[in-house]
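A.B. asks:
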Amino acid sequence: MVNLGIRQLAFYTFKTAVQEESCRRNFLSKYLLKYLLWSNFGDILDSSNMSFCNQNLSGIDLSNNRLDWRNTSFSQADLSKSIFADSTFTQVTFNQTKLMDADLRNTVFENSSLDQANFENANLNQAIFKYVTLEKTSFNTQKLGGAIFINSDLSKLADPNKIYGNLSSGNIKVCCSKLPLELGIEFDRDCQDSRVSLYINEDDLTKCHDQSSKRG
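The sequence shown lines up with residues 3 to 218 when you count with my numbering.
1. Where does I165 fall in DSSP's three states?
2. Taking C-alpha atoms, which residue in N168, N58, T74 and S154 lies nearest to G148?
3. Any idea if S84 is buried or exposed, counting beta-carbon neighbours within 10 angstroms, 16 or more meaning buried?
4. Cβ of T65 within 8 Å of Cβ of V94?
5. On the three-state DSSP scale, how would you describe K158?
6. With burial defined as no fewer than 16 other Cβ atoms inside 10 Å of the residue's Cβ, what is the status of D105: buried or exposed?
7. Along the chain, where does the beta strand (DSSP E) containing V110 start, and where does it finish?
8. Are there 16 or more other CB atoms within 10 angstroms of the CB of N127, so buried, or fewer, so exposed?
9. For C177, which three-state DSSP category applies?
10. Do you know how far the Cα of N125 is from the Cα of S89?
11. Looking at V134: is its Cβ nearer than 8 Å to the Cβ of L159?
12. Which whole-angstrom value is the C-beta distance of A221 and N97, which I expect to be below 8 Å?
13. Tell me, please, which residues DSSP counts as bridged to I130.
14. I need the DSSP call for K100, collapsed to helix, strand or coil.
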């Protein structure tokens with residue numbers, strides 16, 4: 003118990019330091035993330051509200067740590083070849099983040115900003131995107147099997163052709179989301195367009211209807 007207390011104290015000391023650092027000089031965040039891996043008691047630690055922007059975290063493996071990433075920033079960080087499988091990101095910023103070759107299977111992105119993020123060759127199989135911004139985001143990857151986009155704007159992607167093929171083949175599911183104008187499909191508030199209404203399940207569809215109506 004004493005050892006656990008010391009480790010928790012060390013963690014919160016690191017976390018406080020990271021929160022106080024600016025994006026330009028938050029060198030401690032790299033060591034904090036390594037500490038999270040070493041501690042291996044992620045359920046006890048609150049990893050929210052931290053900034054890892056501009057950090058080189060390439061290849062880091064957080065697949066076995068159940069951490070709360072709420073309100074965390076990875077803007078302009080290098081997360082290439084990192085492993086975040088089965089993670090949930092709520093209100094997280096990935097603007098201009100390098101996610102090439104990252105393992106993001108079964109990952110949930112909700113109410114998050116992914117503008118200009120690069121998912122080239124990333125594994126996004128079964129990933130879920132809810133209320134996310136995707137301006138100039140690159141999905142140059144073949145690993146989108148079963149991915150779901152709900153209430154998101156796909157009209158300003160960096161490489162929309164990568165989405166076209168997945169849509170036409172039924173490889174991905176889109177509900178209540180704005181699609182590129184080239185497809186001739188406007189924001190489908192009721193998911194009734196046959197090209198878009200690839201229903202997920204009744205619960206998700208109900209939430210989709212409710213949220214869309216609130217947006218006017």
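Backbone N, C-alpha and C fix where the C-beta goes; we use that ideal spot for every residue, glycine too.
A quick note: this is a predicted structure, and the numbers were derived from the prediction, not measured.
C.D. replies: If we stick to the structure as given:
1. helix
2. N168
3. Flag for S84 reads buried.
4. Just to set this straight, residue 65 is Ser in the shown sequence, not Thr. Cβ distance not < 8 Å, so S65 and V94 don't count as in contact.
5. K158 falls in the coil class under three-state DSSP.
6. Around the Cβ of D105, a 10 Å sphere holds 16 or more other Cβ atoms; the residue is buried.
7. V110 to E112
8. With 16 or more neighbouring CB atoms inside 10 Å of its own CB, N127 falls in the buried class.
9. In the structure shown, C177 sits in a strand (DSSP, three-state: E or B).
10. 13 Å
11. no
12. Outside the displayed span of the chain (3 to 218) sits residue 221, for which this structure offers no information.
13. V110 and I150
14. strand
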